[in-house]
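Shown next, in structure tokens, is the structure this report addresses.
Chains as they are written, first to last, in this note's numbering: chain V, 6 to 178; chain Z, 33 to 341.
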């Protein structure tokens, strides 16, 4: 790659996610590659055929990407430079299963005692999603640090008395 | 003070920590009357939300029992239309605390000024307190006391906000949660309410709607009214509503992930009412100062004595 400043990859990855096994494996791969993209001069564009795969499969994949076609996923969980992950959008009863799958596939790892999530783009999270985040780290005896300006986050954590979650302003503000 | 001071003093003498849940004005009277305040704690903003008061008292109780206290005392006054506040959820609170603290070593004294408390409120108070105290400090067994479940499941007068006399600003049938949140935010942005209050209502509406979708029966109807200082939202479905009589004021006994939505709504809104009819269940959620909406409040205002020093 002498002389090149980076690498861009664009691919039609529809054939790679036709079965449930393939979908799960490729989704996990997407999360690993996403972390590389966040660290290196590498960018990718994944094309999935909506008509062939269906809305449910599209949503499972779309929510793992930082940039998607509008309306494809109500939230996005993807790699971040200065945090374990970036969480954007809105999480409610309609996204419970998607979030659970996304968290399994992303396999977020804490840094020391904290799992920092850049949630600067989060505009709503309900108690089910918060408890899901808390449960994943609580089992590891770690703290989720949710970096968000959304005014509902801190009151919600306080009402639930969630010791495993701490709300802070986004780091860059 | 001739009832309050002996109650708190008796607690001090047996080493029982006491929590004072009074208005700021009345708390100051207690501070000036009690020579020893070492065992007294004062709850801030006690008039805000009954679910929050119950949670604070439970935390106070648990903390002191773990430290070895054999009794805890609570001195409280509950808002009502005589002081310009709606009564509905405080009536439920008065019944619920009998259940919440039934097995706890706690003695509670609730204060009501009969000069300004409406008659129907006093009737509810009589039904929700196992003992009554006379003006000269005597305890009497109250034979009109009703068990909390019986009180909470009996038919009650319906509450509605004055804004509901007009057609709603927004009416949605079977909305998805995202659309409901957007509607509440749009309406909230036209008011003078702090963003935090609007987002608290957004959370509460989402919880109520989720409950209707998951546990109620369609169709689900959301209606919204607003003025510059208040937003009122009703979420109605054709189901029977929660079977738990304490829903909203206590987290459900089954524990998370279910059973927390109404409890959260009760901690984030300035008023929540629950209404069951033969064919429908309605949750009413308010952000901003709720309307008292009580005829006796008008009479009480006219008859209220001048403030005591």
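Backbone N, C-alpha and C define an ideal beta-carbon position, used for all residues, glycine too.
These numbers come from a predicted model, not from an experiment.
By Cβ distance below 6 Å, which residues in the same chain neighbour residue 254 (chain Z) in space, the five residues on each side in sequence not counted? So the list reads 204, 207, 212 and 267, once near-sequence residues are dropped.
8 Å Cβ cut-off: residues of chain Z touching residue 153 (chain V): The premise fails here: residue 153 (chain V) is roughly 12 Å from chain Z at the closest Cβ pair, so nothing lies under 8 Å.
Residue 109 (chain V) CB to nearest chain Z CB: under 9 Å? Not closer than 9 Å to any Cβ of chain Z, the Cβ of residue 109 (chain V) fails to qualify, so no.
Evaluate contact between the segment 77 to 88 of chain Z and the segment 291 to 305 of chain Z, counting only Cβ atoms and requiring at least three cross-stretch pairs below 8 Å. Taking one beta carbon from each stretch, the segment 77 to 88 of chain Z and the segment 291 to 305 of chain Z have 3 or more pairs nearer than 8 Å; the two touch.
Determine the direct distance from the alpha carbon of residue 231 (chain Z) to that of residue 220 (chain Z), and round the result to whole angstroms. The alpha-carbon atoms of residue 220 (chain Z) and residue 231 (chain Z) are separated by roughly 9 Å.
C-alpha distance - residue 43 (chain V) paired with residue 103 (chain Z), whole-angstrom precision: Between residue 43 (chain V) and residue 103 (chain Z), the C-alpha separation is close to 58 Å.
Determine which residues of the segment 296 to 308 of chain Z have a Cβ less than 9 Å from any Cβ of chain V, and write them out in chain order. Listed in sequence order: 296, 299 and 300.
Any heavy atom of the ligand NAD inside 8 Å of the beta-carbon of residue 126 (chain Z)? The ligand NAD is not among the ligands present in this structure, which contains no ligands whatsoever.
Whole-Å CB distance - residue 144 (chain Z) paired with residue 162 (chain Z), under 8 Å assumed: Not a contact, Cβ separation roughly 15 Å.
Which residues in chain Z sit within 8 Å of residue 99 (chain V), going by Cβ to Cβ distance? Near residue 99 (chain V) (Cβ distances below 8 Å), the residues of chain Z are 208, 209 and 210.
Check whether chain Z comes within 9 Å of residue 164 (chain V), counting only Cβ atoms and requiring the distance to be less than that. The beta carbon of residue 164 (chain V) sits closer than 9 Å to some beta carbon of chain Z.
Should residue 124 (chain Z) and residue 281 (chain Z) be called a contact, given that it needs their Cβ atoms to be closer than 9 Å? Yes, the pair counts as a contact, with Cβ atoms nearer than the cut-off.
Hey, how far is the Cα of residue 121 (chain Z) from the Cα of residue 139 (chain Z)? Straight across, the Cα-Cα distance linking residue 121 (chain Z) with residue 139 (chain Z) is about 22 Å.
Touching by the beta-carbon criterion (3+ pairs, under 8 Å), the segment 304 to 324 of chain Z and the segment 234 to 244 of chain Z: Enough Cβ pairs lie closer than 8 Å, so yes.
Going by Cα to Cα distance, which pick from V:116, V:8, V:62 and V:127 is closest to residue 102 (chain V)? Ranked by how close their Cα comes to the Cα of residue 102 (chain V), the residues V:116, V:8, V:62 and V:127 have V:62 in first place.
Determine whether the Cβ of residue 94 (chain Z) lies closer than 9 Å to any Cβ atom of chain V. No, no contact with chain V.
Closer than 8 Å by C-beta to residue 322 (chain Z): which residues in its own chain qualify, once you throw out the five before and the five after it? Chain order, please. Cβ within range, chain order: 117, 118, 193, 262, 302 and 303.
Can you name the residues that DSSP bridges to residue 51 (chain Z)? Bridge partners of residue 51 (chain Z): Z:73 and Z:106.
With 16 other Cβ atoms within 10 Å as the buried cut-off, status of residue 311 (chain Z): So residue 311 (chain Z) ends up on the exposed side.
Helix, strand or coil, according to DSSP, for residue 14 (chain V) in the structure here? Assignment of residue 14 (chain V) by DSSP, reduced to helix, strand and coil, places it in the strand class.
If you draw a straight line from the alpha carbon of residue 154 (chain Z) to that of residue 74 (chain V), how long is it in whole angstroms? So the alpha carbons of these two residues sit roughly 60 Å apart.
Under a three-way DSSP split, which group does residue 172 (chain Z) fall into? Here residue 172 (chain Z) sits in strand by DSSP.
Within-9 Å CB hit, residue 17 (chain V) to chain Z: No - not a single Cβ of chain Z is within 9 Å of the one on residue 17 (chain V).
Can you give me the Cβ contacts of residue 285 (chain Z) inside the same chain, cut-off strictly under 8 Å, excluding the 5 residues immediately before and after it? If we look at residue 285 (chain Z) and ignore the five residues flanking it on each side, its Cβ neighbours are 276 and 291.
Please check if any C-beta of chain V sits within less than 9 Å of the C-beta of residue 98 (chain Z). Not closer than 9 Å to any Cβ of chain V, the Cβ of residue 98 (chain Z) fails to qualify, so no.
Residue 296 (chain Z) by DSSP, collapsed to three states: which one? Helix, per DSSP.
By the DSSP assignment, the beta strand (DSSP E) with residue 203 (chain Z) in it spans what residues? The continuous beta strand (DSSP E) containing residue 203 (chain Z) extends over residues 202 to 205.
Give the interface partners of residue 157 (chain V) over in chain Z, defined as CB-CB distance under 7 Å, in chain order. The contacting residues are 231, 232, 234 and 235.
Look at the alpha carbon of residue 306 (chain Z) and the alpha carbon of residue 274 (chain Z), and state the distance between them as a whole number of angstroms. Spanning the two alpha carbons is a distance of roughly 9 Å.
Return the CA-CA distance between residue 188 (chain V) and residue 172 (chain V), expressed in angstroms with no decimal places. A question about residue 188 (chain V) goes unanswered here, because the residues of chain V that appear run from 6 up to 178.
Within chain V, the residues that residue 86 (chain Z) reaches when beta carbons sit closer than 8 Å: Residues of chain V passing the Cβ test: none, with the nearest at roughly 12 Å.
From the DSSP output, in three-state form, read off residue 243 (chain Z) for me. Residue 243 (chain Z) falls in the helix class under three-state DSSP.
Can you give the Cα-Cα distance for residue 201 (chain Z) and residue 195 (chain Z), rounded to whole angstroms? Looking at the two C-alpha atoms, the distance is approximately 10 Å.
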